[in-house]
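Here's what the structure looks like:
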């Protein structure tokens with residue numbers, strides 16, 4: 001009888017050990033299969049929204065007040081609208097200093113804030129401000145900032161009823177909702193290599209690439225409007241290229257030449273036009 005009891009105790013102990021080991025294995029599988037916590041940059045971000053006109057144009061200003069930088073290709077911005085829809089939006093401008101929005105339509109090249117196109121910067125750093133401009137049929141109610149490859153929201157912004165109105169909206173004067181006048185904006189048409197059709201300057205026999213630029217200049221007058229910016233000017237208002245290997249002497253700008261005049265530049269690696277206070281998109285010789 002004692003022998004049977006002893007055998008039963010041994011079998012019971014073996015079974016208990018087996019259950020414990022199985023439990024440990026299950027716990028181990030659960031722990032290993034649980035995804036690690038998301039590691040996202042830590043930063044202080046503030047934002048506000050402005051209704052720019054009576055046609056559904058809104059601007060969102062998002063300021064990076066300190067902390068870690070964000071890689072440009074790892075951050076996404078999702079705008080939520082009052083009708084329940086949402087859309088991914090992209091920054092219009094990136095400002096190094098104090099930005100402006102559509103509430104201040106008289107700021108031109110004399111502004112102290114230089115600006116870049118969003119796709120021209122590698123990362124969004126502390127002190128930089130993003131300016132979005134979206135035309136939507138429904139009122140914006142908030143925005144999410146997501147850090148990829150993770151899809152959960154890193155920051156959520158709720159605009160609530162705190163959307164500001166531009167003066168022309170406040171006064172119901174649509175005619176006064178205008179863009180800044182005399183603002184020079186460099187525009188990259190298309191970087192090209194030797195042998196590509198169109199926009200073909202002389203040269204390029206050394207294997208270099210070439211890019212075509214134009215400029216945008218808004219002016220309310222119906223009469224021709226001209227002004228001159230010295231070539232190779234390193235101070236604002238700028239007028240010089242970085243990375244070019246051909247001389248560029250374009251100095252005269254006009255409302256008639258806006259989006260029509262073409263400036264050709266040859267380069268080996270990459271080239272960018274600094275004009276007015278705006279840095280163009282970067283042409284790369286891939």
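Numbering (this note's numbering), first residue to last: 1 to 286. Glycine included, each C-beta is placed from N, C-alpha and C at the ideal position. Predicted, not measured: the structure shown is a model, and the values here were computed from it.
Counting Cβ pairs closer than 8 Å, one from the segment 115–129 and one from the segment 147–156, do we hit at least three? With a cut-off of 8 Å, the segment 147–156 and the segment 115–129 do not count as touching, because too few Cβ pairs lie within range.
Starting from residue 276, follow its DSSP beta bridges and name the residues at the other end. For this step, residue 276 is matched to residue 276 along the chain shown. In DSSP, residue 276 forms a bridge with 238.
Using only the alpha-carbon positions, how far apart do residue 141 and residue 158 sit? Translated into the one-based positions of the chain shown, residue 141 becomes position 141. Translated into the one-based positions of the chain shown, residue 158 becomes position 158. If you take the alpha carbons of residue 141 and residue 158, they lie about 6 Å apart.
Where residue 234 falls, given that 16 or more other Cβ within 10 Å makes a residue buried: Locating residue 234 in the chain shown gives position 234, counting from the first residue. Looking at its Cβ environment, which holds fewer than 16 other Cβ atoms inside 10 Å, residue 234 is exposed.
Which first and last residues belong to the alpha helix (DSSP H) in which residue 122 is found? On the chain shown, position 122 is the one that residue 122 refers to. Element bounds for residue 122: n/a, residue is neither H nor E.
Limits of the beta strand (DSSP E) - the one that residue 228 falls within: The sequence position of residue 228 within the chain shown is 228, counting from 1. Segment 226–228, the beta strand (DSSP E) holding residue 228.
Do residue 211 and residue 265 count as a contact pair if the criterion is CB distance below 8 Å? Residue numbering aside, residue 265 sits at position 265 when the chain shown is read from its first letter. Residue numbering aside, residue 211 sits at position 211 when the chain shown is read from its first letter. Note that the C-beta distance between residue 265 and residue 211 is below 8 Å.
According to DSSP, is residue 47 helix, strand or coil? Counted from its first residue, the chain shown places residue 47 at position 47. Residue 47 falls in the strand class under three-state DSSP.
Note down, in chain order, each residue of its chain lying with its Cβ closer than 8 Å to the Cβ of residue 164, except the 5 sequence neighbours on either side. Numbered from its first residue, the chain shown carries residue 164 at position 164. Closer than 8 Å at the Cβ level, and outside the excluded window around residue 164, lie 48, 49, 50, 51 and 103.
Put residue 73 into one of helix, strand or coil per three-state DSSP. Within the chain shown, residue 73 is the residue found at index 73, counting from 1. Three-state result, residue 73: helix.
Taking the Cβ atom as the reference point for each residue, do residue 215 and residue 258 lie within a distance shorter than 8 Å? Numbered from its first residue, the chain shown carries residue 215 at position 215. Numbered from its first residue, the chain shown carries residue 258 at position 258. It is a contact, given that the beta carbons lie within the stated cut-off.
Distance check for residue 116 and residue 277, CA to CA, integer angstroms please. Walking along the chain shown from the start, residue 277 turns up at place 277. Walking along the chain shown from the start, residue 116 turns up at place 116. In this structure, the alpha-carbon of residue 277 lies about 9 Å from that of residue 116.
Are there 16 or more other CB atoms within 10 angstroms of the CB of residue 161, so buried, or fewer, so exposed? Start at 1 with the first residue of the chain shown, and residue 161 comes out as number 161. Burial call: exposed.
Assigned secondary structure, residue 88 (DSSP; H/G/I helix, E/B strand, else coil): Against the chain shown, residue 88 aligns to sequence position 88. Note: residue 88 maps to strand in three-state DSSP.
Among 42, 57, 283 and 45, which has the Cα closest to the Cα of residue 174? By 1-based counting over the chain shown, the position of residue 174 is 174. The alpha carbon of residue 174 has as its nearest neighbour, out of 42, 57, 283 and 45, the alpha carbon of 57.
I'd like to check one pair, residue 53 with residue 287: are the Cβ atoms closer than 8 Å? This structure does not reach residue 287, given that the chain is present from 1 up to 286, and the question cannot be answered.
Do you know offhand how far residue 69's Cα is from residue 88's? Here residue 69 refers to the residue found at position 69 when the chain shown is read from its first residue. Here residue 88 refers to the residue found at position 88 when the chain shown is read from its first residue. Inter-residue distance for residue 69 and residue 88 is about 21 Å (C-alpha atoms, whole angstroms).
Are the beta-carbon atoms belonging to residue 64 and residue 124 less than 8 Å from one another? Indexing the chain shown from 1 puts residue 64 at position 64. Indexing the chain shown from 1 puts residue 124 at position 124. Less than 8 Å divides the Cβ of residue 64 from the Cβ of residue 124.
CA-CA distance, residue 154 and residue 72? For this step, residue 154 is matched to residue 154 along the chain shown. For this step, residue 72 is matched to residue 72 along the chain shown. Their backbone Cα atoms lie some 15 Å apart in a straight line.
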